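Please read the structure below before turning to the comments.
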Amino acid sequence: MGLISELSSSTGASAGLPAAWERACTGECVPLPPPSANYLAAVRDSTSRFISSSEGQALVKVNASNVQRYVDGLDVSKFDKYVTHVSSWSRSLPLVFDSRAQNLNLIAILDLLQIGSGFRQELHEAVNRGASDTINFGCMSMHISQTPLDARGLQALTLGDISRNFGIPLLGKERPMSEGNTAVMISEASALRPLAEIILGVLQDTGRRLEQSGFASFADFITKACAEKPTAAHLVQKLVTAFPSLRDAADIGGQPVYLFKKAQLIAFDICQKFGKEDAMFAFSDIGDMTLFADNVVPAVVQHHGLIDPCSSIRAKITSGKELTLQETTAMRAASIVAAQLVVDCANGPTSEFKAGTTPVNQATLDNFWWYEGKEPELRTIPRLVCKNTLYF
39 MGLISELSSS
49 TGASAGLPAA
59 WERACTGECV
69 PLPPPSANYL
79 AAVRDSTSRF
89 ISSSEGQALV
99 KVNASNVQRY
109 VDGLDVSKFD
119 KYVTHVSSWS
129 RSLPLVFDSR
139 AQNLNLIAIL
149 DLLQIGSGFR
159 QELHEAVNRG
169 ASDTINFGCM
179 SMHISQTPLD
189 ARGLQALTLG
199 DISRNFGIPL
209 LGKERPMSEG
219 NTAVMISEAS
229 ALRPLAEIIL
239 GVLQDTGRRL
249 EQSGFASFAD
259 FITKACAEKP
269 TAAHLVQKLV
279 TAFPSLRDAA
289 DIGGQPVYLF
299 KKAQLIAFDI
309 CQKFGKEDAM
319 FAFSDIGDMT
329 LFADNVVPAV
339 VQHHGLIDPC
349 SSIRAKITSG
359 KELTLQETTA
369 MRAASIVAAQ
379 LVVDCANGPT
389 SEFKAGTTPV
399 NQATLDNFWW
409 YEGKEPELRT
419 IPRLVCKNTL
429 YF
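In structure tokens form, the structure reads like this:
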């Protein structure tokens with residue numbers, strides 16, 4: 039098993055963690071690929087198998103006939119510009135670090151917490167920030183305030199700490215304790231309180247599992263995993279196996295569908311940030327990663343006509359209604375399958391597509407589509423909404 043032993047589901051039982059985290063940790067009971075499997079290939083294979091099945095086809099279809107048209111029209115200079123911007127922006131934090139380990143630790147925690155997209159509307163109304171900006175704000179606030187973010191520090195966090203650092207209100211509007219009597223007012227729970235509880239649960243559970251397995255911090259775990267074998271696939275496997283908050287998978291019709299968004303994002307960001315200075319983080323298989331499928335990228339892929347959801351999913355997305363786990367899994371899986379078709383088309387032996395300075399693979403496509411979704415003309419495209427998840 040190497041230096042890092044596999045952590046079982048029973049390690050660090052979830053007793054005492056917020057109920058919202060418990061409900062949102064839907065992938066914890068999904069069987070993982072065998073230890074000998076390549077976890078990046080498992081994402082690609084399981085999503086393809088699901089979308090090709092009758093159940094997947096009934097939910098979302100991949101429009102393979104539109105792939106060549108999309109590749110032919112891809113603006114290479116724009117692609118290079120957007121991918122470069124996302125890489126430099128997301129890994130270069132405007133902060134001072136005492137060590138590389140501290141920097142690595144915060145980047146990993148930042149990616150661990152790339153969640154809350156289902157609360158996007160409520161966040162904009164309450165704090166005028168979206169989910170990603172809220173997470174960035176909170177992580178930087180914890181660093182600036184010197185909040186301990188090692189294994190023990192994560193466990194010591196409270197709901198009040200999350201509220202203060204991330205700017206998430208725990209209480210909503212006040213109302214009379216009894217009708218017609220305003221002498222005594224009570225506050226209702228904020229609509230964002232479940233998000234604060236999910237964030238707290240992710241951090242506390244991660245800290246607990248780190249300490250019980252003898253790791254001082256998240257950076258300590260990642261560094262030792264990379265020292266064992268410096269590949270993205272190995273790191274993703276170790277992360278997914280160890281931490282339920284990274285076990286981004288669903289059981290659909292008795293078949294596991296693996297997505298592993300945040301675990302892949304951690305590996306990708308670490309490689310981008312530290313790979314040039316340390317061979318231990320220079321993962322040679324970075325091009326084998328898949329999309330970091332969230333709420334934005336599948337919507338952009340749909341906008342480009344590469345996937346076509348069924349009428350009920352389309353209606354929910356258009357109206358901003360919450361999707362089920364099965365529906366979000368189908369949309370995210372289909373976007374990964376469509377991305378692979380784009381990659382194969384752009385890089386095929388008979389392709390006339392000429393790449394620029396940035397290679398076209400699923401990870402760079404993700405960066406491009408994610409940032410493209412921030413363009414003013416695309417920002418209004420309805421995104422996927424799912425609140426009961428800690429995976430995106």
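So the sequence shown is residues 39 to 430, counted in our numbering. Where a beta carbon is used, it is the ideal one built from N, C-alpha and C, also for glycine. These figures come from a predicted structure and were not determined experimentally.
Inter-segment contact for the segment 200-214 and the segment 252-267 is absent: fewer than three beta-carbon pairs are separated by less than 8 Å. Taking the Cα of phenylalanine 175 as reference, the smallest distance to any Cα among Arg82, Tyr429, Leu148, Phe330 is reached at Leu148. Our two residues, serine 126 and alanine 58, have alpha carbons roughly 34 Å apart in a direct line. In the structure shown, the three-state DSSP call for proline 414 is helix. Between glutamine 340 and alanine 377, the C-beta gap is not smaller than 7 Å, which leaves the two residues out of contact. Contact between the segment 287-303 and the segment 55-70 is present: three or more C-beta pairs spanning the two stretches fall below 8 Å. Between leucine 416 and valine 335 the beta-carbon gap is near 12 Å, outside 8 Å, which marks them as no contact.
Under the Cβ criterion (8 Å, minimum of three pairs), the segment 116-125 counts as touching the segment 381-400. For tyrosine 108, the uninterrupted alpha helix (DSSP H) segment begins and ends at 105-110. For tyrosine 77, the uninterrupted alpha helix (DSSP H) segment begins and ends at 77-90. Valine 100 and isoleucine 345 do touch by the CB rule: their CB atoms are close to 6 Å apart, below 8 Å. In this model, glutamate 217 and isoleucine 237 are separated by some 35 Å (Cα to Cα). Put simply, the segment 357-371 touches the segment 418-427. At least three CB pairs are less than 8 Å apart. In the DSSP annotation of this structure, the continuous segment of the alpha helix (DSSP H) that includes glutamine 364 starts and ends at 363-385. Bridge pairing for tyrosine 296: Ala287 [DSSP]. Excluding its 5 nearest sequence neighbours in each direction, aspartate 404 has C-beta neighbours in its own chain below 7 Å: Leu329, Phe330, Val335, listed in chain order. Contact check for aspartate 323 and alanine 271: beta-carbon distance about 6 Å, within the 8 Å limit, so the pair qualifies. Residue environment analysis places histidine 123 among the exposed positions, since fewer than 16 neighbouring C-beta atoms fall within 10 angstroms of its C-beta. Excluding its 5 nearest sequence neighbours in each direction, phenylalanine 321 has C-beta neighbours in its own chain below 6 Å: Thr269, Ala270, Cys309, listed in chain order.
Three or more pairs of CB atoms, one per stretch, sit closer than 8 Å, so the segment 237-254 contacts the segment 186-196. Ranking Ala305, Phe256, Asp258 by CA distance to the CA of glutamine 275 puts Ala305 first.
The continuous stretches of alpha helix (DSSP H) do not include proline 420, and DSSP gives it neither H nor E.
Serine 255 is a Cβ neighbour of alanine 189, given a cutoff of 7 Å.
Counting only runs of 4+ residues, the alpha helix (DSSP H) found wholly inside the segment 325-358 occupies 335-341, 349-357, in chain order.
The bridge partners DSSP lists for valine 98 are Pro347. Tyrosine 409 and serine 84 do not touch by the CB rule: their CB atoms are close to 27 Å apart, not below 8 Å.
At the C-beta level, arginine 158 and alanine 146 stay beyond 7 Å of one another. Taking the C-beta atoms as reference points, serine 228 is found nearer than 7 Å to leucine 208. Beta bridge pairing from DSSP links alanine 227 with Leu209. Under the DSSP assignment, serine 201 falls in the alpha helix (DSSP H) whose first and last residues are 197-204.
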